[in-house]
Amino acid sequence: MSWRLDVAVQTPAHTALGDWLSYECPKALVPGTLVRVPLGKREVLGVAWHCAPADDGEAPDPAVALKPIAAALDALPPLGAAWRDLVAFAARYYQRSLGEIALAALPPQLRDLSSVQLARRLKRKKAPTPIGSAPDSTAAAATVDAIALTAEQDAALGRIRAETGPFLLFGSTGSGKTEVYLRAVAELLARDAKAQALVMVPEINLTPQLEERFKARFSPVHGSDAVVSLHSGMTNPQRLASWLAAHSGAARIVLGTRMAVFASMPGLALIVVDEEHDPSYKQQEGARYSARDLAVWRGQRESAKVILGSATPSLESWHQSRPAAGDDPGGRYLRLAMPSRVGTGGSAGGGAGELPAVRLVDMNLQPPKTVLSGALLAAIGERIARGEQSMVFLNRRGYAPVLACGDCGWKSECPHCSAYRVFHKIDRSLRCHHCGFAERVPRACPACGNPDIAPVGRGTERLEEHLAELFADVKRPDGSAVRIARIDADSTRREGALESQLAAVHAGEVDILVGTQMIAKGHDFRRITLVAAVNPDGALFSSDFRAPERLFGLLMQSAGRAGRDAAYLAAQGSRAEMWVQTSHPQHPLFAALRRHDYAAFAEQQLGERRDAGMPPFAFQALLRADARTQEAAQGFLNAAALAADALEDASTVMRYPAVPLAIQRVANVERAQLLVESGSRAALQRLLTGWQPLLHGLRRTPEGKGVIRWLVDVDPHQI
Ligand SMILES: [Zn+2]
Ligand SMILES: [Zn+2]
15 MSWRLDVAVQ TPAHTALGDW LSYECPKALV PGTLVRVPLG KREVLGVAWH
65 CAPADDGEAP DPAVALKPIA AALDALPPLG AAWRDLVAFA ARYYQRSLGE
115 IALAALPPQL RDLSSVQLAR RLKRKKAPTP IGSAPDSTAA AATVDAIALT
165 AEQDAALGRI RAETGPFLLF GSTGSGKTEV YLRAVAELLA RDAKAQALVM
215 VPEINLTPQL EERFKARFSP VHGSDAVVSL HSGMTNPQRL ASWLAAHSGA
265 ARIVLGTRMA VFASMPGLAL IVVDEEHDPS YKQQEGARYS ARDLAVWRGQ
315 RESAKVILGS ATPSLESWHQ SRPAAGDDPG GRYLRLAMPS RVGTGGSAGG
365 GAGELPAVRL VDMNLQPPKT VLSGALLAAI GERIARGEQS MVFLNRRGYA
415 PVLACGDCGW KSECPHCSAY RVFHKIDRSL RCHHCGFAER VPRACPACGN
465 PDIAPVGRGT ERLEEHLAEL FADVKRPDGS AVRIARIDAD STRREGALES
515 QLAAVHAGEV DILVGTQMIA KGHDFRRITL VAAVNPDGAL FSSDFRAPER
565 LFGLLMQSAG RAGRDAAYLA AQGSRAEMWV QTSHPQHPLF AALRRHDYAA
615 FAEQQLGERR DAGMPPFAFQ ALLRADARTQ EAAQGFLNAA ALAADALEDA
665 STVMRYPAVP LAIQRVANVE RAQLLVESGS RAALQRLLTG WQPLLHGLRR
715 TPEGKGVIRW LVDVDPHQI
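So the sequence shown is residues 15 to 733, counted in the numbering used here.
In C-alpha cells form, the structure reads like this:
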C-alpha cells in the first residue's frame, strides 16, 4: 500500500504555492517526522504534516503521479502537535508560508544531514544525567536558600504558583526579577521531572551572564546538560546540539533570544520573557513575528505559565494587565508589581540603592552650542575625584551625522539612499548606515572645491573626543589622566571586542564610558554612579507614535545602570544620579521620569492612543512594497488597496493611502508602505488572508510592474 504525505518545505517567497507539497511514501509516517524530499532539482528538508492512504480520493490531482520522498529522518522523534500548531499559527497570523516558518524554526545544520548522519549524531549524544543523581544537591539547595526573598518577590512567586497567568512581572530595575524567574524555574523542575522552561532575553549580549547564573544554580541539581542556549551567535553545530537537547527533553532549561520561541520542547511548562518591552523581540525581516506575542500564544496552547517581565512594560502588555474597574472586566494578564529596588540577588550579592535622582538640564538656558552643560561636567568631575564611573550616552554613532560645505551647501548625501552619510573620523570615511556605501572623506567640497568642509551635529566618536578635551587637565586621585572609553556598534565590530571593553569597565579601568543605547541595557556595572543622556529630544516629536514609549523605556533602563550597589554608594558617600539634557524640560515624559513613575507615563500615553484610535486600541498591519521607482511602489500599494474593496471585511478595515517610508530610498530601491487598521483583530486577520491571493495576482498585472518585492508586517513596530 502506498501513502500520500503532505510535507511543509521551504518554498521561495511569493511563489504562492500552498502550505505543503504532496509526495508518495511507502509507509505511513507520523506527522512531525522530518523527511528529505525532492524539490525541483534539489533535495530539501521538510516536515511531514499529514499522511493518508494514496487512494483516499483526496489527492490534489490524481492524474499526476506523486514523487516519492527521498528519506525519512525517523531516528529523530517527530515534532509534536503543539509545535506544529505554533508554527501553523505563526504562519497564518504573520501571513507567511507554513514551510518558511517551519524550516526557519529548525537548526540550519539539520538541512545538511542525511538520515544516516543524523542517526549517528543522535547515538553519539550521551544520555542525560539522570535526575536525582545530582553531584551535590545539598550544596545547591544551600545556595538557593542563602538568598532571602523580599516580601515583594515572595508575594509574586506565590501568585505565580497559585494562578494560571499570563503574568506581567512589573519590577523596577534592581527589584530582583531574575531571582523570581530562577525560583519559578527551580520550583517547576523540582515538582515535575519532565518539565522544561524557556527563558528569553532580548539581546545575545545578555545571554552569557544569564547562562552563567542559571548554570550556577541548576547544574549542581539537574546536571551540566540541563541548561542550553539558543541564539544566532552560536555556530551551527552548537545550535544543533542545543536544539536536539531541547527536543529530546534532556535540556530542562532553554535560554535564548527571540528565535528560541520556536524551540521544540516536549515538556514545556514555563516561559519567561525578560525585558518584554524590548523591540528586539520583533523580527524585522522575513517573517516579522513577535516572539513575545508568540510566547503568550504558545503558553496558552501548551498550558505553560508565561511570565513577561519589565520595569517599563510595552503599553500593550500594560493595557492587557489592567485590573478590572467599573464596566471594564480588566485585561487577560495578571500584573505583579515589585516596586522596590531592594536587591540584585545572585552571586553578585549586595542590595541596590535607591533609584537615582533625575536631574533635568534645560538646554535653553545654556550658552549657544553647548554640548555638555557646566553642571553636568562638574558632576562628572566629582565622580572622577572620588574614583567613581560615569556613563554618557548618545544615540548616534560615528563622529558627525553630516559633513557639509558652508559655501555652496553641499552635504554628504548617500548617492544610493535618501540619507546622509555619516562622518567617521577614526578612518576618515563617509559611511552610509543604511546601505553600507563608504568612501574616503574628500579633501575639498566635491561641488565647489572649498577646502573647509565641516562636520555638523555630533555622534559618539565626536562626543568622546569632546570629553577628552574637556577633561584633559583633570587628574584622577592617583594623579594619572582621566580614562575615557567608547562602546558602540563601531567599537565592538571585532570579535570579542565588546567582552573586553565591558571587562575593562567592570575592572574600574574606565572613568567615563561613552556609548549608544547598547550600554544602557542590562549590564550590571557596580561602580557607575552617574548616567547622562546628552540629547534625547528627537524622540519626543517623532512621527513614530511609539518613539516616546521607547525613549521612556531607554531612559528608565539607563537610570537603572547607576548606583546598582548600595554598599558601594554608602562606602563612597555618593549618590546615584541620572542627568538628562533637554530643550523641553516641561514635557510630561520627563516629569514622569523624574518620579520614576512608569504608571503615570503609561496612563498618559494610553490616553493619547485611545483618543487617536491607535494600538492597543486598534490593530494594524503594513503592506510594504519595494520598487525601482516610488511611483511603481505606491501604484502597486494603491491598486492593492482598491482590490481589497472586494473583500468581505473591507468596510471594517481602514486602508490609508500609500506613503513613502521615512527613509524612502535605500541602496537605489524606492520604498513605500500602506497602513491597514481595524478595531477588530479578527476582521484585520480575515482581510489579510483574503488579500494574499489578490496581491500575488496583482504582481502579475501592469500595477505590479517594477515591484521588486512586497511584504505584510502584522502588528508593525515602526510606522
Ligand atoms: Zn561647496
Ligand atoms: Zn546608502
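For each residue, glycine too, the CB sits at the ideal point set by N, CA and C.
| said: Please identify the residue among 428, 161, 486, 489 whose C-alpha is closest to the C-alpha of residue 446. | reply: Selected option, being the one with the closest Cα: 428.
For residue 64 and residue 37, I'd like the C-alpha separation in whole angstroms.
Answer to the nearest angstrom: the Cα atoms are 11 Å apart.
Just to confirm, are residue 408 and residue 548 a CB contact at a threshold of 8 Å? Judged by beta-carbon spacing, residue 548 lies within the 8 Å limit of residue 408, meaning their Cβ atoms are closer than that value.
Practice task
Could you have a look at residue 273 and say whether DSSP puts it in helix, strand or coil?
Solution key: Helix, per DSSP.
Nearest to residue 216 by alpha carbon, out of 272, 320, 279?
Ranking 272, 320, 279 by Cα distance to residue 216 puts 272 first.
**Study point:** DSSP state of residue 24 mapped onto helix, strand, coil
**Key:** Of the three classes helix, strand and coil, the one that applies to residue 24 here is coil, per DSSP.
- If you measure from the CB of residue 451, is any heavy atom of ligand 2 nearer than 7 Å? For ligand 2, at least one heavy atom lies less than 7 Å from the Cβ of residue 451.
Which of the three DSSP states, helix, strand or coil, is assigned to residue 525?
In this structure, residue 525 counts as coil in the three-state DSSP scheme.
Inter-residue spacing [alpha-carbon to alpha-carbon] between residue 487 and residue 481: In this structure, the CA atom of residue 487 is about 11 Å from the CA atom of residue 481.
task = Report the option in 663, 187, 436, 202 whose CA atom is closest to the CA atom of residue 355.
result = Check the Cα spacing between residue 355 and each of 663, 187, 436, 202: the tightest is with 187.
Quick check: the segment 516-532 against the segment 370-384, are there 3 or more CB pairs under 8 Å? In the pairwise beta carbon analysis, the segment 516-532 is classified as not touching the segment 370-384: fewer than three pairs are separated by under 8 Å.
### Continuous alpha helix (DSSP H) assignments of at least 4 residues falling wholly in the segment 190-239
List check, alpha helix (DSSP H) in window: 191-205, 221-236.
- Message: Under 8 Å: do the segment 393-402 and the segment 611-625 share three or more Cβ pairs, one atom per stretch?
- Response: Touching, no, given that fewer than three Cβ pairs across the two stretches are closer than 8 Å.
query = How about residue 66 and residue 18: are their beta carbons less than 8 Å apart?
reply = Cβ distance < 8 Å, so residue 66 and residue 18 count as in contact.
What does residue 498 pair with, by DSSP beta-bridge criteria?
-> Paired residues: 526.
Check your understanding: Can at least three beta-carbon pairs, one atom from the segment 167-183 and one from the segment 207-221, be found at a separation below 8 Å?
Key -> With fewer than three CB-CB distances shorter than 8 Å, the segment 167-183 does not count as touching the segment 207-221.
Please state the DSSP three-state secondary structure of residue 111.
If DSSP states are grouped into helix, strand and coil, residue 111 belongs with coil.
Practice item. Identify, in the order they occur along the chain, each residue of the same chain with its Cβ nearer than 8 Å to the Cβ of residue 290, setting aside the five sequence neighbours on each side. Key: Around residue 290, the same chain offers 182, 306, 322, 323, 324, 327, 328, 331 as residues with beta carbons nearer than 8 Å, after the five sequence neighbours per side are excluded.
According to the neighbour-count rule (16 or more other Cβ atoms, all chains shown, within 10 Å of its Cβ), is residue 721 buried or exposed?
By the neighbour-count rule (16 or more Cβ atoms within 10 Å), residue 721 is buried.
* Considering only the beta carbon of each residue, do residue 241 and residue 232 sit closer than 8 Å? -> Taking the C-beta atoms as reference points, residue 232 is found nearer than 8 Å to residue 241.
(Q) ligand 2 and residue 681: does any heavy atom of the ligand fall closer than 7 Å to the residue's C-beta? (A) Checking every heavy atom of ligand 2 against the Cβ of residue 681, one is found closer than 7 Å.
*Whole beta strand (DSSP E) runs in the segment 448-485 with 3 or more residues, listed along the chain?*
Entirely contained in the segment 448-485, the beta strand (DSSP E) runs reaching 3 residues are, in chain order, 452-454, 467-470.
Are three or more beta carbon pairs between the segment 435-453 and the segment 672-687 nearer than 8 Å?
-> Contact between the segment 435-453 and the segment 672-687 is present: 3 or more CB-CB pairs across the two stretches fall below 8 Å.
Heavy atom of ligand 1 within 7 Å of residue 724 beta-carbon = Flag unset: Cβ of residue 724 not near ligand 1.
*Contact check, residue 669 vs residue 688 under 8 Å by CB: the rounded distance?*
Contact between residue 669 and residue 688 holds: their C-beta atoms lie close to 7 Å from each other, under 8 Å.
Would you kindly report the start and end of the unbroken alpha helix (DSSP H) that includes residue 596? Here residue 596 belongs to no alpha helix (DSSP H); instead the beta strand (DSSP E) covers 591-596.
- prompt: For the segment 31-107, which segments carrying the alpha helix (DSSP H) assignment without a break, of at least 4 residues, lie completely within its bounds, in sequence order?
  reply: Listed in chain order, the complete alpha helix (DSSP H) runs (minimum 4 residues) inside the segment 31-107 are 95-107.
Query raised in the report: What first and last residue would you give for the alpha helix (DSSP H) that runs through residue 311?
Result: Unbroken alpha helix (DSSP H) run through residue 311: 305-315.
In three-state DSSP terms, what is residue 532? The answer is helix: DSSP assigns residue 532 an H, G or I state.
>> Let me check you understand the geometry: is the CB of residue 461 closer than 7 Å to at least one non-hydrogen atom of ligand 1?
In response: Because some heavy atom of ligand 1 lies under 7 Å away, the Cβ of residue 461 counts as near it: yes.
*Near ligand 2: residue 438 beta-carbon under 7 Å from a heavy atom*: Remark: the C-beta of residue 438 is outside contact range of ligand 2, defined as less than 7 Å to any heavy atom.
Q. Going by beta carbon distance, what residues of the same chain come within less than 6 Å of residue 376, once the five residues before and after it are set aside?
A. Answer for residue 376: 599, listed in chain order.
For residue 674, three-class secondary structure by DSSP | Strand at residue 674.
- Through-space distance from residue 542 to residue 706, alpha-carbon basis: The alpha-carbon separation between residue 706 and residue 542 amounts to approximately 52 Å.
| query | Using the C-alpha atoms, what's the distance from residue 200 back to residue 392? | reply | Answer to the nearest angstrom: the Cα atoms are 47 Å apart.
Any non-hydrogen atom of ligand 2 within 7 Å of residue 433 CB:
At least one heavy atom of ligand 2 is nearer than 7 Å to the Cβ of residue 433, so yes.
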